[in-house]
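*Asks:* Going by this note's numbering, the letters in the sequence shown line up with residues 38 to 231, in that order. Don't be surprised by glycine CBs; every beta carbon is placed ideally from N, CA and C. Please see the structure below; I have some questions.
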Amino acid sequence: MNKKVFKMILVLSLTGAVSGGILAKVFHFADPLIQENKRRELREAIFVVLPEAKDYQTIEKEINKEKITVYKGIDANGSSAGIAFIADGGGFQGNIRIMVGLNTDYLKLKGIKILEQNETPGLGNRIKEPEFEGQFKSLEIKPKVEYIKYRKPEKPNQIQAITGATISSDAVVKNINNAVEKVLKNFPSEEILK
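So, in structure tokens, the structure goes:
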């Protein structure tokens with residue numbers, strides 16, 4: 038190996054090592070800020086989907102090696118204001134993460150808040166718009182939440198899909214139904230809301 042090649046390898050190695058070290062330091066200082074922002078976003082979402090709540094209590098269970106978390110909302114009188122939980126699953130172009138609020142009788146949604154999504158700009162990402170999220174307020178969860186296309190909902194458990202973004206609308210509904218089913222099965226109301 039000649040000297041020129043050796044010098045080039047040495048310079049590239051040193052540049053890579055210094056760059057990697059700088060990135061590691063930046064991550065070390067930025068990570069706590071990122072985690073704090075995620076906690077703040079989660080807290081804000083809980084209060085969006087449980088508007089009567091003034092505080093909340095985190096309740097966790099481990100079911101089949103999977104940790105399931107619900108947030109019991111507590112109103113100004115110290116009574117239950119419902120529960121909130123994350124509905125997480127696939128969308129058209131990636132994961133969709135949703136905060137879901139459920140009322141105290143476990144029969145209706147109180148609302149949803151899209152936390153993360155990577156859907157198509159101008160189409161699927163319209164799931165974050167208040168007009169779409171607002172359809173889930175007071176929506177019945179039995180037998181299951183449904184979406185319909187090209188017309189207004191006719192039943193108390195239906196929402197209208199976003200035109201041109203049916204897959205994204207369907208993904209939101211499926212993720213919510215899956216999470217609701219899991220929560221109803223593992224967190225009975227008499228256990229959580231007492």
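1. Is V220 closer than 9 Å to V182 when the C-beta atoms are compared?
2. Of all the options F173, I133, L152, I149, which has the alpha carbon lying nearest to the alpha carbon of I204?
3. Considering only residues of the same chain and omitting the five flanking positions on each side of K211, which have a CB-CB separation below 8 Å?
4. Which residue comes first and which comes last in the beta strand (DSSP E) that contains N132?
5. Check for me: the alpha helix (DSSP H) holding A82 runs from which residue to which?
6. Below 8 Å on the Cβ atoms is my guess for A124 versus I46; work out the distance and round it to an integer in Å.
7. For A118, report the span of its alpha helix (DSSP H) as first-last.
8. Give the single residue among K102, I135, V63, T95 whose Cα lies nearest to the Cα of R120.
9. Please name the residue or residues paired with Q195 in a DSSP beta bridge.
10. Based on DSSP bridge pairs, tell me the residues matched to V107.
11. Closest by CA to S226, which one among I59, S117, L60?
12. Within 10 angstroms of the Cβ of I100, are there 16 or more other Cβ atoms? Answer buried if so, exposed if not.
13. DSSP on G161, reduced to helix/strand/coil?
14. Keeping to the same chain, check which residues put their C-beta closer than 8 Å to that of G131; ignore five residues upstream and five downstream.
15. Give the DSSP-derived three-state secondary structure of L221 in the structure shown.
16. Could you check the C-alpha separation between K44 and K62 for me, to the nearest Å?
17. Which residues bound the alpha helix (DSSP H) around E228?
18. Between E228, Q197, S206, which lies nearest to F129 when the distance is taken from Cα to Cα?
19. Hey, V209 and I151: beta-carbon distance below 9 Å or not?
*Replies:* To lay it out plainly:
1. In the sequence shown, the residue the question calls residue 182 occupies position 145. In the sequence shown, the residue the question calls residue 220 occupies position 183. Using a Cβ distance threshold of 9 Å, V182 and V220 do not count as a contacting pair.
2. Within the sequence shown, numbered from 1, the residue matching residue 204 stands at position 167. Of the candidates F173, I133, L152, I149, the one whose C-alpha sits nearest the C-alpha of I204 is I133.
3. Taking the sequence shown and counting its residues from 1, one reaches residue 211 at position 174. Close CB contacts of K211 within its chain, under the 8 Å cut and outside five residues either way in sequence, are with G126 (chain order).
4. Taking the sequence shown and counting its residues from 1, one reaches residue 132 at position 95. Start and end: 132-139.
5. Taking the first residue of the sequence shown as 1, we reach residue 82 at position 45. Counting along the chain, A82 sits inside the alpha helix (DSSP H) bounded by residues 40-86.
6. As a first step, residue 124 is located in the sequence shown; it is residue number 87 there, counting from the start. As a first step, residue 46 is located in the sequence shown; it is residue number 9 there, counting from the start. A124 to I46, Cβ: 51 Å. No contact.
7. Locating residue 118 in the sequence shown gives position 81, counting from the first residue. Careful: A118 lies outside any alpha helix (DSSP H), inside the beta strand (DSSP E) at 117-127.
8. Sequence index remark: in the sequence shown, residue 120 carries index 83 (1-based). Note that residue 120 is Ile in the sequence shown, not Arg. For the residues K102, I135, V63, T95, the minimum Cα distance to I120 belongs to T95.
9. The count along the sequence shown starts at 1 and reaches residue 195 at position 158. Under DSSP, Q195 forms a beta bridge with E183.
10. The residue given as residue 107 occupies position 70 in the sequence shown. Under DSSP, V107 shares a beta bridge with I96, F122.
11. The residue labelled residue 226 in the question sits at position 189 within the sequence shown. By alpha-carbon distance to S226, the top candidate from I59, S117, L60 is S117.
12. Translated into the one-based positions of the sequence shown, residue 100 becomes position 63. Under the 10 Å beta carbon count, I100 is surrounded by fewer than 16 other beta carbons and is classified as exposed.
13. Translated into the one-based positions of the sequence shown, residue 161 becomes position 124. Helix.
14. Numbered from its first residue, the sequence shown carries residue 131 at position 94. Answer for G131: Q154, N155, E156, listed in chain order.
15. Indexing the sequence shown from 1 puts residue 221 at position 184. Helix.
16. Along the sequence shown, read from residue 1 onward, the residue named residue 44 stands at position 7. Along the sequence shown, read from residue 1 onward, the residue named residue 62 stands at position 25. Answer to the nearest angstrom: the Cα atoms are 27 Å apart.
17. Walking along the sequence shown from the start, residue 228 turns up at place 191. First-last of the alpha helix (DSSP H) with E228: 226-229.
18. The residue labelled residue 129 in the question sits at position 92 within the sequence shown. Taking only the C-alpha atoms, the option nearest F129 is S206.
19. For this step, residue 209 is matched to residue 172 along the sequence shown. For this step, residue 151 is matched to residue 114 along the sequence shown. Yes, the pair counts as a contact, with Cβ atoms nearer than the cut-off.
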